[in-house]
Amino acid sequence: MIEGISNFLTTNIKKLIKNMATGEGVDCEDCSQKQVMLSVCREFTCLFNCTRAKALKLVAFAKTLKKDLGGDNITLNAMTECSMLIASSLEELKNEALSLRDDIAFSVRIVEKTCDVRDMEELDNSEKNALQLRCREVLHSGYKIGF
2 MIEGISNFLT TNIKKLIKNM ATGEGVDCED CSQKQVMLSV CREFTCLFNC
52 TRAKALKLVA FAKTLKKDLG GDNITLNAMT ECSMLIASSL EELKNEALSL
102 RDDIAFSVRI VEKTCDVRDM EELDNSEKNA LQLRCREVLH SGYKIGF
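Numbering (our numbering), first residue to last: 2 to 148.
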């Protein structure tokens, strides 16, 4: 489950960046770079919000599972074969959760690099400021996943 969320996030981020570079997925034919960037920012926000909802459900499920299975007591008193299996499964779940955290951080860094508007020379300062504000909102929605 955790791996699915991670793959969903990273695959769609890469797809959105590719679409931004090629102009695919944008409704209008003759859109400016600003319009393309705003469209991609909306998609990033939707992607981060969807991923956050999935991750929150998964974390709640994992916490309940750990609590119901005994949590730390199993790892300390792993006597039976069943207890050892449960302990190893919980450890694997923990490792996958840490992997998801790394993928979220990686995705936020990619979005941060992609949304950098300082190099867009065809935009005036007011348009750059508006885009930069929108990019901050996108990054904020990405940060909310991990914290």
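For each residue, glycine too, the CB sits at the ideal point set by N, CA and C.
- Around the beta carbon of R137, fewer than 16 other beta carbons lie within 10 angstroms, which makes this residue exposed.
- Straight through space, the alpha carbons of D125 and C51 are spaced by roughly 33 Å.
- When C-alpha distances from S84 are compared across S100, L99, K67 and N96, the shortest belongs to K67.
- Residues of the same chain with a CB within less than 7 Å of the CB of K145, apart from the 5 flanking positions on each side, are R53 in chain order.
- Within the same chain, K35 come within 7 Å of E128 by CB-CB distance, once the 5 residues on both sides are set aside.
- In this structure, DSSP gives C32 a state outside helix and strand, which the three-state scheme calls coil.
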